[in-house]
């Protein structure tokens, strides 16, 4: 076996391994599949070349050469197709053309016009001897490479630094393979070149592999464990021992002991600095950057901790931790209603049955966390309690670290974290950060669990700011009727009734009584309307709701306030608008909050009566969703404020005017009704809130 | 009473201004009634009433606008703001604009008439 054979063997092995790794990383992704196919095609072609370097049977090789040409032919379209996939482009005409070309070449490849014979190059390796039609293949190869290089060069004009870096490696790899292909073609055409083609193909494989490991090419994340680095270090040391021992043995008779002594000496001398060097090198070139604590804090404070839905909150917590700290497993346990168990509410990497994992409250770990109120590192035997009837599942949490989630010193949950993918242990800094997050998480969890209470408080707080309006709503009709009653009594006192026929007086008195009764009913209805809005409730109850009625109800509660602010409310909700399946109470609070916000915005902007308008429009969109748009002519919301609008405790209102929870609750209520809320606004021109409910064909209940 | 006292009632609740106005007439006042703020401002200017009783929330313009105008044209009138409910902040603001006092609805005729009579008596002493 010669050195060129070794180069083709190693190149094909590298490409086969690459194909397998990429394929199994995500079997569902087209990019991974096409890349693996391309790798296998090229690797098989190179494997064929390896065969041509070691096999000497001429007749066998003639057949072998024809067979490996099939791979050569199909390497062009798969290669180009892969590049389209890497760049995220649809396989266009060039790809289809190259596939067509490949099929064409396949049909003629067995004729002597394509490949006439085989030839021996430099005495080391056989290769095809081209016929006149072989020029088509050459042109195909050149065209394919030029296309790929052009596409990559074009895509490199991106502002995304990471993408640019990835593409730089792709570009270099493509370049080396292009040169390899040119060398191969030169050999076929019997131009004297050194057969370095397969060495360059190895370079291609190594470059792509490096781009995957270091820069997540094709979104593949490979975690290199420190242990692997140490293992290779050990191998290296061993090879030094063996190598030196062998060499000394060859040179000096009976030199085995001396050889061993020398190699031991060398190892002792170089091992420590070498270890340091290797770790440095791997840290620098192979390990992905250590996670950024700021990222973790930002993601948590911006996205996770603001969630008011407990299920989403716990899932986002575990997902975020696993993603950012790069750990193998993560679990979040919450105390159940009875308080006797800590049940897994969310988990990553704990298998399909993670929901069944729970820990009893008298478990040792729970006791430890309860009494110390701080974290615990778990080693394998710490809480091994095999006779515990499987009620204790500390082991199934696969955790190396447990962090308590406390509210006022009460252990409401436990966060468990598994090993880091890099095999490193948790540092002091990691734990400080996690304890800090757990504190905030405790508050967020308790908020989410008490969402109904918070919603209720917010409702009462808004009603509190509406007392003037309520008193107006009730005082006005009573004042009217009372005036009529007092007028009648005064007339009686002044003797007016004596001058009138008594039937007329009695009839007037009856009319007055009837009016009184009507007023009582009216006032009682108004009181009921507010009481209904204010009443607490524990669980959502979904039913079919006509949105026009809900809008009317909400306007009804706000009537006086709207009137006091001189605002005109227009309503355009077609009768044909489908009803939605939702909780009536939730919908009313949503509409109430948004209409009231609009009214307040108009008041703050000091609009004249003609410009003080709230428009409520109902419609359906193309996909059947039901939209309610509520526009006001207030001062508008800047883009920066719009981003924060739905965050809890964010308010632009002066103190005492809002709880800062209104829109956060509205958003949560919309989500609980399977809807969404969005906002459009231009500073100075007003704001439109868009409520979107799923249409009847894709509605979900629950 | 040498001269009949003039009272201007401004409120979009006709039932109330008719009933209360009728009562005040019987008690010897010259009563002017209107359902709109703009008309109220005109009447105040023309008649220079002793007392103005004005609703805070009306259909055309609100009581505070009426108050501002009347303070300009008839500085001697006593301005009483009538409303179902006025919070303390609004009260402070309206006092600064020149409101004399506040009556909360419902308006009970007899004590209100007594209150007005006292105000006019005090005013004429000065």
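Protein chains in written order, with my numbering: chain H, 1 to 702; chain A, 1001 to 1126. Note that beta-carbon positions come from the ideal geometry of N, C-alpha and C, so glycine has one too. Treat the numbers as computed from the prediction; the structure is a model and nothing was measured.
Please go through the same chain and pick out, in chain order, the residues whose beta-carbon is closer than 7 Å to the beta-carbon of residue i, but skip the five residues on each side of it.
i, result
"residue 703 of chain H", "Absent from the model: residue 703 of chain H. The displayed extent of chain H is 1 to 702, so no value can be given."
"residue 1068 of chain A", "1097"
"residue 114 of chain H", "108, 131, 133, 134"
"residue 12 of chain H", "43, 46, 47, 50"
"residue 551 of chain H", "571, 573, 591, 616"
"residue 77 of chain H", "95, 98, 99, 102"
List the residues of chain A whose Cβ lies closer than 8 Å to the Cβ of residue i, in chain order.
i, result
"residue 494 of chain H", "1026"
"residue 524 of chain H", "Residues of chain A passing the Cβ test: none, with the nearest at roughly 16 Å."
Tell me which residues share the same chain as residue i and place their Cβ nearer than 8 Å to its Cβ, disregarding the 5 neighbours each side in the sequence.
i, result
"residue 80 of chain H", "94, 95, 98, 144, 147, 148"
"residue 387 of chain H", "Here residue 387 of chain H scores only 46 on pLDDT, less than 50, and its place in the model is too uncertain to base an answer on."
"residue 316 of chain H", "303, 304, 307"
"residue 704 of chain H", "There is simply no residue 704 of chain H to check, as chain H begins at 1 and stops at 702 in what is shown."
"residue 420 of chain H", "325, 326, 327, 328, 426"
"residue 89 of chain H", "151"
"residue 1077 of chain A", "1008, 1044, 1048, 1049, 1050, 1051, 1052, 1070"
"residue 119 of chain H", "126, 127, 128, 129, 190"
"residue 30 of chain H", "85"
"residue 1064 of chain A", "1056, 1093, 1094, 1097"
Among all the DSSP beta bridges, which residues are the ones paired with residue i?
i, result
"residue 682 of chain H", "H:686"
"residue 1033 of chain A", "A:1009"
"residue 1079 of chain A", "A:1052"
"residue 542 of chain H", "H:583"
"residue 402 of chain H", "H:376, H:416"
"residue 125 of chain H", "H:121"
"residue 624 of chain H", "None, per the DSSP bridge assignment."
"residue 335 of chain H", "H:342"
"residue 642 of chain H", "Looking at the DSSP assignment, residue 642 of chain H forms no beta bridge with any residue, so it has no partner."
"residue 516 of chain H", "The partner list for residue 516 of chain H (beta bridge, DSSP) is empty, contrary to what the question assumes."
"residue 629 of chain H", "H:617, H:690"
Applying a beta-carbon distance threshold of less than 7 Å, which residues of chain H neighbour residue i?
i, result
"residue 1084 of chain A", "471, 472, 475, 476"
Could you work out which residue in the options is closest to residue i when comparing CA atoms only?
i, options, result
"residue 727 of chain H", "H:584, H:542, H:443, H:105", "The first residue shown for chain H is 1 and the last is 702, placing residue 727 of chain H beyond what the model contains."
"residue 323 of chain H", "H:340, H:299, H:405", "H:299"
"residue 1060 of chain A", "A:1006, A:1117, A:1036", "A:1036"
"residue 1053 of chain A", "A:1043, A:1108, A:1008", "A:1008"
"residue 1118 of chain A", "A:1073, A:1051, A:1022", "A:1051"
"residue 752 of chain H", "H:412, H:434, H:354, H:373", "In the structure as shown, chain H starts at 1 and stops at 702, and residue 752 of chain H therefore has no counterpart that could be examined."
"residue 153 of chain H", "H:188, H:83, H:120, H:127", "H:83"
"residue 108 of chain H", "H:11, H:85, H:122, H:136", "H:136"
"residue 373 of chain H", "H:436, H:358, H:344, H:319", "H:436"
"residue 441 of chain H", "H:453, H:467, H:470, H:405", "H:405"
"residue 629 of chain H", "H:446, H:547, H:172", "H:547"
"residue 478 of chain H", "A:1082, A:1106, A:1046", "A:1106"
"residue 339 of chain H", "H:411, H:202, H:368, H:365", "H:411"
"residue 379 of chain H", "H:343, H:416, H:360, H:358", "H:416"
"residue 708 of chain H", "H:669, H:213, H:5, H:542", "An answer regarding residue 708 of chain H cannot be provided, because it is not within the stretch 1 to 702 covered by chain H."
"residue 1015 of chain A", "H:6, H:484, H:509", "H:484"
"residue 636 of chain H", "H:454, H:611, H:602, H:673", "H:602"
"residue 562 of chain H", "H:217, H:166, H:362, H:600", "H:600"
"residue 398 of chain H", "H:65, H:357, H:366", "H:357"
So which residues of chain A does residue i contact, with C-beta pairs closer than 7 Å?
i, result
"residue 479 of chain H", "1013, 1016, 1105, 1106, 1107"
"residue 484 of chain H", "1015, 1019"
Check the Cβ of residue i against every Cβ in chain H and list those closer than 9 Å, keeping chain order.
i, result
"residue 1087 of chain A", "467, 468"
Residues of chain A with CB closer than 9 Å to the CB of residue i, please, in chain order.
i, result
"residue 490 of chain H", "1019, 1022, 1023, 1026, 1109, 1110"
"residue 517 of chain H", "Residues of chain A passing the Cβ test: none, with the nearest at roughly 16 Å."
"residue 487 of chain H", "1015, 1018, 1019, 1020, 1022, 1023, 1109"
Go through its chain and collect everything with a Cβ distance to residue i's Cβ below 6 Å, but skip five positions before and after it.
i, result
"residue 73 of chain H", "102, 105, 106"
"residue 91 of chain H", "81, 84"
"residue 482 of chain H", "none"
"residue 1113 of chain A", "1027"
"residue 173 of chain H", "204, 207, 208"
"residue 171 of chain H", "152"
"residue 474 of chain H", "523, 526"
"residue 1013 of chain A", "none"
For residue i, verify whether its CB is less than 7 Å away from any heavy atom of the ligand ATP.
i, result
"residue 540 of chain H", "What this structure holds is no ligand at all, so the ligand ATP is not there to describe."
Near-chain H residues of the segment 1002-1033 of chain A (beta-carbon distance less than 7 Å), N- to C-terminal order: 1013, 1015, 1016, 1019, 1020, 1022, 1023, 1026
Going along the chain, which residues of the segment 596-622 of chain H sit with their C-beta nearer than 7 Å to a C-beta in chain A? none
Which residues, in order along the segment 324-353 of chain H, keep a beta-carbon less than 7 Å from a beta-carbon of chain A? none
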